[in-house]
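Take a look at the structure below.
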Amino acid sequence: MNNHANDIKILEKKIKELEKKNNELNGIIGNAPIPIFVLDNNHKITHFNKACEELTGLACEKMLGTDHQWKAFYSNRRPVMADLIIDRSSDAQIVEHYGSKYNRSDKSKDQFSATDFFPDLGKEGKWLFFCASTITNENGDIVSAVETFQDVTEEKIAESKTRELYRTYRKIMEFIPYPIVVYDDKGKVSYLNPSFSSTFGWFLEDLKGKPVPFVPKALETETNDMLNKFKENKSLARYETQRLTRDGKVLDVVIWAATHERFKTGSTENFVILRDITEEKRLAANNKTIMRISALLPEYPELEDLMNYISKEVKGILNSEGAVVLLYDEITDELFFTGVSYDNTDTEKRAKTFRFPADSLLAGKIIKTGEYALVNDAEKLIKDYPERDQKLGYKTRSLLEVPIKSEDRIIGVLCAINKKQNLFDYNDMELLTMIAGTVAISIENARFSEAVREAYRDVASMNRAKGKAINHLSHELKTPVSVLNGSLQILNKKLESIPGLNVTATLNRIERNLDRIVEIQDEVADIMEDKAYSSQKLLLRMFEACQDELETLIQQSLSDKHLEHSISQLIDDKFGTRSISYKSINFSEYFSEFYTSLKPEFEFRQINIEISIEDNLPTILLPKEILNKMVGGLVKNAIENTPDKGKIHISFKTKDSGVLLSIHDFGVGIESDAQKRIFEGFFSTQETLLYSTKTPFAFNAGGKGADLLRMKIFSDRHGFTLDMISERCGFLLNNKDTKCPGNIEECSFCQSQEDCLNSGYSIFTIFFPLGKK
């Protein structure tokens, strides 16, 4: 009995201890900082702690004793991880519910963990890391299962951002146009971007875990020094060097680098960005070369010196055995060497002695097509064009030729022969084309300059001969004139002694003209001494001298006063009297009277002549005879240059206290070259002999060329200002062989009168200043 009682006491004691431990366990589970729930082997909830309440929002009282554990995480009934391991579910069954998100513990087959997103948990859902394991009895039977949870939403968001940043970073790396390589401290590659592969030729699968073998052997020491500084400073701002491509081509590059330390592992990654500046440096070198050549071109005005300089420059820049400039002779259809530079001086000398038919050289084809030629295998070329190498005694292996263009024509070919290293390429062609374009204008200038110098030498030689002749005549003239002056004085004294003989006028005229001859001789002497003298004034003196000479000859031979007067009157009509009579000119009255008298001479022409005269024009003292000649000459000139159905506008208006006469014809106009010489004398814009077949005032009647010279002389003599502007008819200017028919209605280019009036024109103006005499 006592033993039974003791057993009961012991059992009660154990029960109390178990209850105490159970309470302690319940307290531990209930107050644990991580969410925990426990299921028995019937899937009923036996524990649901406060942390789980806070995580799920469900009360412990409502969950205990139920199988509603799914409500904490899902909107529909389904097993949770603890349910699955209580039922000893297979991996396939677990995969059905969790996919590949779960992990089975290596130490216990009844322990599982997983991370998943629970969209029904909270407002926006939560990421949970959860673990589940079974609790077994001494027989190994599952009596319950416990499942714990950890809210990893923030970590997952951070991880997602990190992954997104990494994806962005990779995309940036892939799309950056510069080569990028990432490698570790040992120089082994972990990443290459596509630009690196396209620039250097290696791909990531070729180099991953290996160093990049792109350092030229000559730069290994320099590169090691750079790497040591980079390890010390952790960055490299800018480093210009050279690197090799996979096929051995050397590239000029600029390098930037930085070191990055990984957060989790503490290891370092080195990011290197490279930029290929080979083309940039080549263009800079080309520009520098072009600028240097351009700056030096003016130092070679002689064509041969210029060509030799260009050839020498091309030979050096392209590193070739030879370079030549071939110019094209359009007259003979030949090519000849003007500039030659060869390593072999004998070839250089021989080349300058030859001329080649254009079709016997490849350069002849370039002259015709304007295309460049780049030949690195000259065997076929030699077969097609054997004459060049045969004459020069030279073996052509490679050839680069470009046309030298001047405006719209090709004047020659720039050629480089036998590149010493590598082959001619597109870059060489581009540089040679740039040089050809730069030197083209200098070549043309040198050719023109040489032609001008040759012409100048001819003119100078003729001028020296002419100068000697004039100088000789001038000196020869001086002596007899002095003798005549002395003889005249003697004759004058002897004649004075004869009573009733009156020869004073005749002797005075002789003396006056001898004085003029002396003046002319002095003026010629001044001209020969390079002193400026007006040819027009000299002509005036000559006209006056001729007048006196004619009068003298007539008196001596005929003594016919009527004939003498007629000759004098004729000369006065043409060139103006020496004793000029000035009258006050009222331009309105003057022109009305003058135009009325002139009109009958051109009434046969069908031209609309508009006349406008301002009121209150100033009255000016002018030589009426000369005014008639100038105004009549300009009106006649306008009518002869205007086709029928055309128009002329004549106006008088006040300008600067004087009067401006403007005669504007809407005719054929004057060509620009003719405009420059229109007042130079004896120059006509029409055929000189047309006056022999055409009536004065008829269209295109032309003239002998002295009228405008005479007007210019009158204007200079009397202080008038004679000017002219003109524009050639566009239809005639663009159709050189076409002539104006003389009637607008017969013109094939004009659809209406306005077409003609808006084409060519000429405006002659005379300004008569007030107070000039």
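Numbering (numbering that gives the first Met the number 0), first residue to last: 0 to 772.
Ideal Cβ positions, reconstructed from N, Cα and C, are used throughout, including at glycine.
Chain-order list of residues whose beta-carbon lies under 7 Å from that of Ser-691 (same chain, five-residue window excluded): Because Ser-691 sits at a pLDDT of 40, beneath the cut-off of 50, its placement in the model cannot be relied upon, and the point is left open.
Three-state secondary structure (DSSP) of Ile-584: strand
Distance, Ile-292 Cα to Ser-751 Cα: 56 Å
Contact check, Ser-132 vs Val-142, beta carbons under 8 Å: no
Reduced DSSP secondary structure (H/G/I, E/B, other) of Ala-113: strand
Buried versus exposed call for Ile-171 [16 or more other C-beta atoms within 10 Å across all chains shown]: exposed
Outcome for Ser-611 when other beta-carbon atoms lying within 10 angstroms are tallied against a minimum of 16: exposed
Length-filtered (3 minimum) beta strand (DSSP E) runs lying within the segment 618 to 653: 619 to 622
DSSP-derived helix/strand/coil call for Ala-144: strand
Where the beta strand (DSSP E) through Pro-402 begins and ends: 398 to 405
Cut-off 7 Å between Cβ atoms - residues of its own chain near Gln-488, not counting five sequence neighbours on either side: So no residue of the chain qualifies.
Residue(s) in a DSSP beta bridge with Cys-130: Ser-112 and Thr-147
Beta-carbon gap between Gly-363 and Leu-334 smaller than 8 Å: Taking 8 Å as the Cβ cut-off, Gly-363 and Leu-334 qualify as a contacting pair.
Identified DSSP bridge partners for Trp-255: Its beta-bridge partners are Ile-272.
Exposure label - Lys-530; buried when at least 16 CB within 10 Å: Caution is warranted here: a pLDDT of 41 is assigned to Lys-530, below 50, making its placement in the model unreliable, and the coordinate value is therefore given only provisionally. Here Lys-530 is exposed: its Cβ has fewer than 16 other Cβ atoms, across all protein chains shown, within 10 Å.
Alpha carbon of Lys-13 to alpha carbon of Glu-154, nearest angstrom: When rounded, the distance between both Cα atoms is 46 Å.
Under 8 Å between C-beta atoms of Leu-63 and Ile-44: yes
Phe-336 vs Asn-375 beta-carbon contact at 8 Å: no
Segment contact, 8 Å Cβ cut-off, at least three pairs: the segment 399 to 410 with the segment 353 to 370: yes
Length of the line joining the Cα atoms of Ser-441 and Glu-303: 12 Å
Length of the line joining the Cα atoms of Ile-85 and His-42: Rounded to the nearest angstrom, the two C-alpha atoms are 8 Å apart.
Phe-47 beta carbon less than 8 Å from that of Asp-119: The answer is no: Cβ separation not under 8 Å.
Rounded separation between Ile-9 and Ile-134 - CA only: 27 Å
Range covered by the alpha helix (DSSP H) that runs through Pro-356: First-last for Pro-356: 354 to 356, but that is the beta strand (DSSP E), not the alpha helix (DSSP H).
Stretch pair the segment 752 to 762 + the segment 631 to 646: three plus CB contacts closer than 8 Å: yes
Spatial distance of Lys-790 from Asp-332 (CA atoms): Nothing in the structure corresponds to residue 790, since the chain is present only between 0 and 772.
Through-space distance from Phe-128 to Glu-95, alpha-carbon basis: When rounded, the distance between both Cα atoms is 19 Å.
C-beta atoms of Phe-748 and Met-629 nearer than 8 Å: Cβ atoms of Phe-748 and Met-629: not closer than 8 Å.
Touching by the beta-carbon criterion (3+ pairs, under 8 Å), the segment 176 to 185 and the segment 75 to 91: no
Buried versus exposed, by CB contacts within 10 Å (16 or more), Gln-68: buried
Ranges of the beta strand (DSSP E) found wholly within the segment 737 to 770, counting only runs of at least 3: Runs of the beta strand (DSSP E) lying entirely within the segment 737 to 770 and spanning at least 3 residues, in chain order: 760 to 767.
Extent of the continuous alpha helix (DSSP H) run through Val-94: 90 to 97
Beta-carbon separation (whole angstroms), Pro-215 vs Leu-191, contact threshold 8 Å: Actually they do not touch by this definition, with Cβ atoms about 20 Å apart.
Beta-carbon separation (whole angstroms), Ile-677 vs Pro-622, contact threshold 8 Å: With 8 Å as the limit, Ile-677 and Pro-622 do not qualify as a contact, their Cβ atoms being about 23 Å apart.
Under the three-state DSSP convention, the category Glu-726 falls into: Glu-726 falls in the strand class under three-state DSSP.
Coarse secondary structure for Asp-655, derived from DSSP in three states: The answer is coil: DSSP assigns Asp-655 none of H, G, I, E or B.
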